[in-house]
Amino acid sequence: MAIAGHLISNNLPSVKQLQCFLAVAHELNFRRAAERLRMTQPPLTRQIKSLEDVLERQLFSRSTHDVSLTDAGRELVIQAEKILQQLNELKTGALSCENSLRIGLTRTLNFELIEPVNQQLNRLDASDDVETPNLTSAQLLQRLSKNTLDLVLTGEKGTGHEDSVQYRWVCREPLLMAMPAAHPASLKEKVSLEDVSDLPLFWFARSANPSFYDKCERYLEQLRFPLKRVKEPDDSLVMLTYIARGKGFALLPQSKCTFNQEGLCYRELTDHESQKLNIDVFAAIRLNEKREAILNAQEALCNNGFPVESGTGEERSSPQQPLP
């Protein structure tokens, strides 16, 4: 009874505190972590402060511009993930329905605007069960491997999971060019990289999506003209504001080109470049998956009615939307 009394003490960290801690630990940015948890930043900060008080140690080093984990914070990441994994297994074990689907969607794309995929998700009646909408493909694949998700939609095939994950191609998402409306090339219906080579390209870190990064880099390295690249801001809206002011351009998934601002426009890439610069979307499940509900869900997402392009051997599509 002495052990039970200790475990029910109110001096233990709460599940919410550990979830908030891991969100900040993964993002190293309080604003993005708050968005991921669908909460505002002040209560998130209070949760972290309360956790630090309970544990009597500092978990993050904070400055005006940077957030980093302390040694104690790095140790807690491992322990907190194990604790939450065990709690999740408790929820998804005997307490869960055998045929329930735990689906994760990469934050890189807005699947509500990729109509054939969205329709299949609705037919699967998965809208209320879709989890982790603010994780990267790499993070989703990690959760898939740990059996905390059953199926994930990723941007490109991930690396490092070849022995545990099987992929099936779903669709191809075009990249559009977000560019200054005042640039002369904006008068064109389709724009090439050479047309805007006088501007820097806002570019992401390879760690965000190694497969997609490498796919793009293979093409960019073949260009016969210099293309300056600058680190994209953490906040995409800030980046688009810079673009509207003529500070550069970016390549964005079509389903994410929804923000409108004076001075900003979106243009399609030329046919040649659009064939090289795009995002192939895959439905990934565990390699040894045998449950019929999950296999059927993957099959449904992959048979979504997209037309077949000659020579690919796979179904592909470029859904069209009006451009601002």
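For the sequence shown, full-length UniProt numbering gives the first residue as 1, with consecutive numbering after it.
Yeah, the Cβ is synthetic: ideal placement off N, Cα and C, and Gly gets one too.
Report whether the distance from the Cβ of Asn209 to the nearest heavy atom of the ligand PLP is below 7 Å. Ligands are entirely absent from the displayed structure, and the ligand PLP is therefore not among its contents.
Contact the stretch 241-250 vs the stretch 175-191: 3+ CB pairs below 8 Å: yes
Under a three-way DSSP split, which group does Cys216 fall into? In this structure, DSSP gives Cys216 a helical state, which the three-state scheme calls helix.
Assuming Gln47 contacts Gln17 under a Cβ cut-off of 8 Å, what Cβ separation, rounded to an integer in Å, is found between them? 5 Å
Contact defined as beta carbons within less than 8 Å: I believe Ile285 pairs with Gly155. What is the distance between those atoms, to the nearest angstrom? Contact between Ile285 and Gly155 does not hold, since the beta-carbon distance rounds to 16 Å and is not under 8 Å.
Reduced DSSP secondary structure (H/G/I, E/B, other) of Ser63: The answer is coil: DSSP assigns Ser63 none of H, G, I, E or B.
Among Glu217, Lys228, Glu173, Arg218, which one has its Cα closest to the Cα of Ser197? Lys228
Use the C-beta contact count for Thr258: other C-beta atoms within 10 angstroms, 16 or more gives buried, fewer gives exposed. Classification of Thr258: exposed, given that the 10 Å Cβ count is below 16.
If you run the structure through DSSP and keep just helix, strand and coil, what is Asn278? strand
What's the call for Glu262, buried or exposed, on a 16-neighbour Cβ count within 10 Å? Burial call: exposed.
Drop a sphere of 10 angstroms on the beta-carbon of Lys215, count the other beta-carbons inside from all chains shown, and report buried for 16 or more, exposed for fewer. buried
Are Ser145 and Asn209 closer than 8 Å when you measure CB to CB? no
So the alpha helix (DSSP H) Lys231 belongs to, where does it begin and stop? Per DSSP, Lys231 belongs to no alpha helix (DSSP H); it is in the beta strand (DSSP E), 229-231.
According to DSSP, residues forming a beta bridge with Lys190: Glu268
Specify, as a first and last residue, the run of the beta strand (DSSP E) that Thr106 falls within. For Thr106, the enclosing beta strand (DSSP E) starts and ends at 103-106.
Which value, in whole angstroms, describes the spacing of the CA atoms of Thr234 and Lys256? First, the residue type needs correcting, since residue 234 is Asp and not Thr in the sequence shown. Approximately 15 Å, taken between the alpha carbons.
Among Lys231, Leu199, Thr241, nearest to Ser207 - alpha-carbon criterion: Minimum Cα distance to Ser207 is reached at Lys231.
So, does the stretch 69-82 touch the stretch 109-124, judging by three or more C-beta pairs under 8 Å? Here the stretch 69-82 does not lie against the stretch 109-124, with fewer than 3 beta-carbon pairs under 8 Å apart.
Mapping DSSP to helix, strand and coil, what is Pro174? strand
Name the DSSP beta bridge partners of Tyr242, please? Partner(s): none; Tyr242 has no beta bridge.
For Leu121 and Ala33, what's the separation of their Cα atoms in angstroms? 26 Å
Beta-carbon separation (whole angstroms), Leu109 vs Val238, contact threshold 8 Å: Not confirmed; about 20 Å, so no contact.
Going by the DSSP bridge assignment, what does Ala284 pair with across the sheet? Ala284 is bridged by DSSP to Val152, Tyr167.
Would Tyr213 and Lys276 qualify as a contact pair, given that the criterion is a beta-carbon distance under 8 Å? no
List the residues that DSSP assigns as beta-bridge partners of Leu135. Thr106
What residue from Leu28, Arg107, Val24, Ser192 has the CA that sits closest to Leu153's CA? Checked all of Leu28, Arg107, Val24, Ser192; the closest Cα to Leu153 is Arg107.
For the putative contact between Glu81 and Leu22, defined by C-beta atoms under 8 Å, what is the C-beta separation to the nearest angstrom? 7 Å
Given a cut-off of 8 Å, decide if Ala293 and Leu264 are closer than it, judged by their beta-carbon atoms. no
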